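Visitor: The structure under discussion is supplied below as structure tokens; questions concerning it will follow.
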Amino acid sequence: MSDSTEMRGPVTRRRRTTISGSGNGAVGVKQANGSKWHDAGEKPPQYPAKAKTDELSRHASNNGKVNRHTGVSGQQQLANTPRKQKSAAEDINERLSCHVLQESLLSSASGYSNYRGILNWCVIMLVLSNARLFLENIIKYGILVDPIQVVSLFLKDPYSWPSACLIIVSNVFILAALYTERRLAVGTISEMTGLILHIFNLTSLLIFPSATVLTLTSMTPVGGVLSLGVYTVLFLKLYSYQDTNRWCREIRQAKAKRLTRSYSCPSVAQSNGSAVHAHVSYPGNLTHRDMYYFIFAPTLCYQLNFPRSPRIRKRFLMRRLFEMLFFMQLLVGLIQQWMVPTIQNSMKPFQEMDFSRMVERLLKLAVPNHLIWLIFFYWFFHSSMNFVAELLQFGDREFYKDWWNSETVTYFWANWNIPVHKWCLRHFYKPMLKKGINRFLAQTAVFLVSAFFHEYLVSVPLKMFRLWAFMGMMAQVPLAWFVGRFLNGNYGNAAVWMSLIIGQPIAVLMYVHDYYVIHHGGTT
62 MSDSTEMRGP
72 VTRRRRTTIS
82 GSGNGAVGVK
92 QANGSKWHDA
102 GEKPPQYPAK
112 AKTDELSRHA
122 SNNGKVNRHT
132 GVSGQQQLAN
142 TPRKQKSAAE
152 DINERLSCHV
162 LQESLLSSAS
172 GYSNYRGILN
182 WCVIMLVLSN
192 ARLFLENIIK
202 YGILVDPIQV
212 VSLFLKDPYS
222 WPSACLIIVS
232 NVFILAALYT
242 ERRLAVGTIS
252 EMTGLILHIF
262 NLTSLLIFPS
272 ATVLTLTSMT
282 PVGGVLSLGV
292 YTVLFLKLYS
302 YQDTNRWCRE
312 IRQAKAKRLT
322 RSYSCPSVAQ
332 SNGSAVHAHV
342 SYPGNLTHRD
352 MYYFIFAPTL
362 CYQLNFPRSP
372 RIRKRFLMRR
382 LFEMLFFMQL
392 LVGLIQQWMV
402 PTIQNSMKPF
412 QEMDFSRMVE
422 RLLKLAVPNH
432 LIWLIFFYWF
442 FHSSMNFVAE
452 LLQFGDREFY
462 KDWWNSETVT
472 YFWANWNIPV
482 HKWCLRHFYK
492 PMLKKGINRF
502 LAQTAVFLVS
512 AFFHEYLVSV
522 PLKMFRLWAF
532 MGMMAQVPLA
542 WFVGRFLNGN
552 YGNAAVWMSL
562 IIGQPIAVLM
572 YVHDYYVIHH
582 GGTT
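Residue numbers for the sequence shown follow our numbering, so the first one is 62 and each next one is one higher.
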């Protein structure tokens, strides 16, 4: 039979049943749609064979041609037909079933972790609650912020300025360390003699300022803390300076690979603000320029090659300067307006040993104390240290890590103050391990040294010795063991935050109470 005869012949209409893998419900719907004339008891309409033949011929002729209106070819239309049928089946299946196996979002098994909205709610509640406390403080005490009073604390005796003079005198110890290293480099003095000179210099660096603060009646507690803080930083820097230079001499004597170190200030200035830094080796680093660059650099660890940034970013520098000035004023205002009245009102419950009121005063002091501590952290470790680093083109800007995520006490102390942590690790902890001391004793020794300096910076300026800061730091050792042993994850992080929020106000109240009893016991 010819093709034309076959095309003109009757076309048998076949009934198609679409079987979907999405469920029996979809199959039943398809069959019902395909047999609606049969179910109604009627005959389907009969179409002429010629019309059906013309439809097939048009469809065949359009195969491969693009539709003028839609821009889709006939083959694509045929391919789209199963997709439409599949999407229709899925749509019907979604209408029939709306439940799946799943956990609630707040369940730990759900794996949900996006709590940004709850975090925003916590911030808003924190702001509103502290705003209420601040407004209550203003209504009760009035405006207590007085910037002139802060200046008078530093300049109580304008003819002597003991704090500034004490800081200027520190140059004597800096130059003594430099000249001792120069004599050791050329072999004028022996290693033992140099060690004795360094020990004497470092010991004097701690004894001289403390004796001056305790002797001078014009030295205020604030000025004493500032002066002793500068001398403590110098002690750590000069210890690292002599230690690193001693390592260089040992390497030179062993004829090993030399360490290199860039000059501390730019040697060749360029038009874009960057500089080309020359590299020197020991003993070429023993210069005044190199020493004072290290003294002002935001680090406690000396090395022969500091990483340097290519240029000074002026906008970055101005932002950090603005932050320094703003947060300094904010700290002073919060201390005068919020901390001082709360501390003054806490003296009577402590004298009467009223336990319930003592706890109430402690909790009331915890909020402003912790807020001031957080602002101080940002002001010092981010704004101030980045400002100095940018000004000196100091490249290592890792002054802190994510201590707020600490799940153990040891992680917090290792990450909230990176310069001190690096110094302890490099010059104290690792040398002890090399000598065969176990890790626990080495960690305890690190906390012991930290406790000594905390007590040194508090007791000497206040001119009283109560060891509250020392015991607070040493209490971190059993606390670190307990948190690491029994608390994990969020529970450990909560324990770290609780120790910060509650521990500091306890120490503050202890020292302030004893200070008032000693100096104002009769009037109180």
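Where is the CB? At the ideal position from N, CA and C, for every residue including glycine.
Just so we're clear, the structure is a prediction, and the values are computed from it rather than from any experiment.
1) Pairs of beta-carbons, one from the stretch 423 to 437 and one from the stretch 387 to 403, closer than 8 Å: are there three or more?
2) Where does L162 land, buried or exposed, given buried means 16+ other C-beta within 10 angstroms?
3) Quick one: is I199 buried, meaning 16 or more other Cβ sit within 10 Å of its Cβ, or exposed?
4) In the DSSP output, which residue or residues are listed as bridge partners for R369?
5) How would you label G553, buried or exposed, when you count the other beta carbons within 10 angstroms and need 16 or more for buried?
6) First and last residue of the alpha helix (DSSP H) that includes P282?
7) Where does S122 land, buried or exposed, given buried means 16+ other C-beta within 10 angstroms?
8) Are the stretch 406 to 420 and the stretch 440 to 449 touching by the rule of at least three beta carbon pairs closer than 8 Å?
9) Count Cβ pairs between the stretch 269 to 285 and the stretch 241 to 250 that sit closer than 8 Å; are there 3 or more?
10) On the criterion of 16 or more Cβ atoms from any shown chain inside 10 Å, does Q405 qualify as buried, or is it exposed?
11) Could you name the residues of the same chain whose beta carbon sits closer than 7 Å to that of F388, not counting the 5 residues immediately before and after it, in chain order?
12) When we look at the beta-carbon of E421 and count the other beta-carbons within 10 Å, is it buried (16 or more) or exposed?
13) Excluding sequence positions up to five away, which residues of its chain have a Cβ less than 8 Å from the Cβ of L528?
14) Spatial neighbours of H574 within its chain, please: CB distance less than 6 Å, with the 5 preceding and 5 following residues excluded, ordered by chain position.
15) Looking at C-beta atoms only, is the number of pairs between the stretch 344 to 356 and the stretch 297 to 316 that lie closer than 8 Å three or more?
16) Going by alpha carbons, who is nearest to E252 out of G203, E459, N191, Q314?
17) How would you label N478, buried or exposed, when you count the other beta carbons within 10 angstroms and need 16 or more for buried?
18) Whole angstroms is fine: what's the gap from H99's alpha carbon to C159's?
19) Leaving out the 5 sequence neighbours to the left and right, which residues in its chain are closer than 6 Å to K462 when beta-carbon positions are compared?
20) So which of L365, R350, P359, Y354 has the shortest CA-CA distance to V341?
21) Taking the continuous alpha helix (DSSP H) assigned at N175, which residues delimit it?
22) Measure the alpha-carbon distance for M186 versus A555 and round it to whole angstroms.
23) Can you give me the C-alpha to C-alpha distance between T293 and L486, rounded to a whole angstrom?
24) Please classify D351 as buried or exposed, where buried requires at least 16 neighbouring CB atoms within 10 angstroms.
25) Let me know the secondary structure DSSP gives N85 once reduced to three states.
26) Can you give the Cα-Cα distance for C183 and S169, rounded to whole angstroms?
27) How close, in whole Å, do the beta carbons of Q454 and R369 come, if the pair is a contact with beta carbons under 8 Å?
28) Helix, strand or coil: which one does DSSP assign to I562?
29) Quick check: what's the CA-CA separation for Q504 versus Y490?
30) What distance in whole Å lies between the Cβ atoms of L570 and L426, which are believed to be in contact at a cut-off of 8 Å?
31) How would you label Y472, buried or exposed, when you count the other beta carbons within 10 angstroms and need 16 or more for buried?
32) Once DSSP output is grouped into helix, strand and coil, what is the label at F460?
33) Would you mind sorting I235 into buried or exposed? The rule is 16 or more other CB atoms within 10 Å of its CB.
Guide: With the structure as the only source:
1) yes
2) exposed
3) exposed
4) F455
5) buried
6) 282 to 314
7) Residue placement at S122 is poorly supported in this model, since its pLDDT is 46, which falls under 50; the coordinates are not used for a value here.
8) no
9) no
10) exposed
11) I436, Y439, W440, S444
12) exposed
13) E516, S520
14) F411
15) yes
16) Q314
17) buried
18) Its pLDDT being 41, under 50, H99 is placed unreliably by the model, and the measurement read from it follows with that caveat. H99 and C159: Cα-Cα distance of roughly 33 Å.
19) N476
20) L365
21) That residue, N175, is in no alpha helix (DSSP H); it is neither H nor E in DSSP.
22) 19 Å
23) 17 Å
24) buried
25) Confidence at N85 is low in this model, with a pLDDT of 40, below 50, so its placement is unreliable and the value that follows should be read with caution. Residue state, collapsed to three classes: helix.
26) 20 Å
27) 5 Å
28) helix
29) 7 Å
30) 7 Å
31) buried
32) coil
33) buried
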